[in-house]
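A.B. asks:
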Amino acid sequence: MTILITGANGMLGEECTKLLSGKYSVVATDIHDSLSMPDDSIIYEHLDITNENRVHEIVKRIQPDVVLNCAAYTDVDGAERENESAWTVNVGGVQHIVNALKKFGGAIIHISTDYVFDGTAGPYGEDNKPNPVNYYGKTKLESEKVLTDSQLHWTIIRTNILFGNTSRQQASFVRWVIEKLSRFENISIVNDQFGNPTWSYGLAQAIYKIIESGKHGLYHYAGKDYINRFEFGLKIAGIYGLDPTLIRKTTTRALNQPANRPFKSGLTCERIEHELAVTIYSVNEALTAMRGNT
Numbered sequence: 001m002t003i004l005i006t007g008a009n010g011m012l013g014e015e016c017t018k019l020l021s022g023k024y025s026v027v028a029t030d031i032h033d034s035l036s037m038p039d040d041s042i043i044y045e046h047l048d049i050t051n052e053n054r055v056h057e058i059v060k061r062i063q064p065d066v067v068l069n070c071a072a073y074t075d076v077d078g079a080e081r082e083n084e085s086a087w088t089v090n091v092g093g094v095q096h097i098v099n100a101l102k103k104f105g106g107a108i109i110h111i112s113t114d115y116v117f118d119g120t121a122g123p124y125g126e127d128n129k130p131n132p133v134n135y136y137g138k139t140k141l142e143s144e145k146v147l148t149d150s151q152l153h154w155t156i157i158r159t160n161i162l163f164g165n166t167s168r169q170q171a172s173f174v175r176w177v178i179e180k181l182s183r184f185e186n187i188s189i190v191n192d193q194f195g196n197p198t199w200s201y202g203l204a205q206a207i208y209k210i211i212e213s214g215k216h217g218l219y220h221y222a223g224k225d226y227i228n229r230f231e232f233g234l235k236i237a238g239i240y241g242l243d244p245t246l247i248r249k250t251t252t253r254a255l256n257q258p259a260n261r262p263f264k265s266g267l268t269c270e271r272i273e274h275e276l277a278v279t280i281y282s283v284n285e286a287l288t289a290m291r292g293n294t
């Protein structure tokens, strides 16, 4: 089986490349010219999913059994300022992949987000009605519609608050907390945004089980602990032996961010647990494993 991974240079893409390359023929693609590959045997191709001709050329040549789409415009505040850019990647790029698969064959696994919900009554199950409160969430919901209308074999996996040990640490909340507290700097973290932080390795394992099972449809995968961001920061400090008193509470309103945030968001995972017997990790389990591997 051949798996084509888009966005392989991101946190989840890198985790999936490492895990799946030991089990399948993996072609890793990303918009960046360089990529940190776990070994030299993995094929790397430069791919910008907003370039429809390039998407068709890659899919035609590789003939993947599955495209795992980890590529996305994920800057929530940036999406409010750059509507067109966010739409072009998150909706247009997915449409390009779908069009190529319709022509040349193959299934798609697409990563989405709890930000398709409004955050008034989370955590949410697969049957809850989406209602995004920011432009990023709107683009991700529209990307889901591209798949559900496509008549392809599709799987959508919604997740939230990804964290993990990868080379792409600059966008990592965990790394930010560790670096700031290690320098004895005070940091402020909101205590009014709730979700269930998700270990990228656990999500990669779930994706592997989905591929092996051949199942299709909509699934939620997220961590075991339903906590706010401030509580997440305290758990990071605790596991890494850092001073939790350096972490101060703040509110979303105080940050004055361009994009609205869902407050009580997060996901329930009973469907994927029941159908695929995946492991749902707690924050402490994940952070302890991460610390052991650093």
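Take the sequence shown: its position 72, counting from 1, is numbered 72 in this note's numbering, and each next residue is one higher. Glycine included, C-beta positions come from ideal geometry on N, C-alpha and C.
1. Per the DSSP calculation, W154 is bridged to which residue(s)?
2. For I58, write down the residues that DSSP places opposite it in a beta bridge.
3. Please state whether DSSP places S265 in a helix, a strand or coil.
4. Starting from the Cα of E270, find the closest Cα among A289, A254, D243 and K224 and give me that residue.
5. Taking the beta carbon of E212 as the centre, do at least 16 other beta carbons fall within 10 Å, making it buried, or is it exposed?
6. Let me check understanding here. Comparing Cα to Cα, which of E273, N284 and T113 lies closest to I156?
7. Closest to N191 by C-alpha separation, out of R253, V146 and V283, would be which residue?
8. Which residue marks the beginning of the beta strand (DSSP E) containing N69, and which one marks its end?
9. In angstroms with no decimal places, state the Cα-to-Cα distance between N196 and I187.
10. Does the count of Cβ pairs from the stretch 66-75 and the stretch 12-28 closer than 8 Å reach three?
11. Is it buried or exposed for M1, if we count other Cβ within 10 angstroms and need 16 for buried?
12. Rounding to the nearest angstrom, what Cα-Cα distance links K235 and V89 in this structure?
13. Tell me which same chain residues have a C-beta within less than 7 Å of the C-beta of Y201, skipping the five on either side of it?
C.D. replies: A quick look at the data gives this:
1. I108
2. The partner list for I58 (beta bridge, DSSP) is empty, contrary to what the question assumes.
3. coil
4. K224
5. exposed
6. T113
7. R253
8. V66 to N69
9. So the two alpha carbons sit approximately 21 Å from each other.
10. yes
11. exposed
12. 34 Å
13. E15 and G164
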